[in-house]
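Take a look at the structure below.
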């Protein structure tokens, strides 16, 4: 069975654990159809287009 040779320092353990809870930034790209910001590889929520095709009906 694998057993650590020495105990990990508390600061190192806390530093490693803090990475799990770190917030990450969401990538943003511009919609080629309407120009509004959107997430890449997702349907634009403003115009309903994805990859040059209408996939959502947006009520205005």
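In the numbering used here, the protein residues as written are 570 to 629. Backbone N, C-alpha and C define an ideal beta-carbon position, used for all residues, glycine too.
Residues sharing a beta bridge with residue 619, DSSP: 622, per the DSSP bridge assignment.
C-alpha distance - residue 574 paired with residue 586, whole-angstrom precision: Approximately 20 angstroms, taken between the alpha carbons.
Limits of the unbroken alpha helix (DSSP H) element including residue 579: Per DSSP, residue 579 belongs to the alpha helix (DSSP H) from 579-590.
Three-state secondary structure (DSSP) of residue 599: In the structure shown, the three-state DSSP call for residue 599 is strand.
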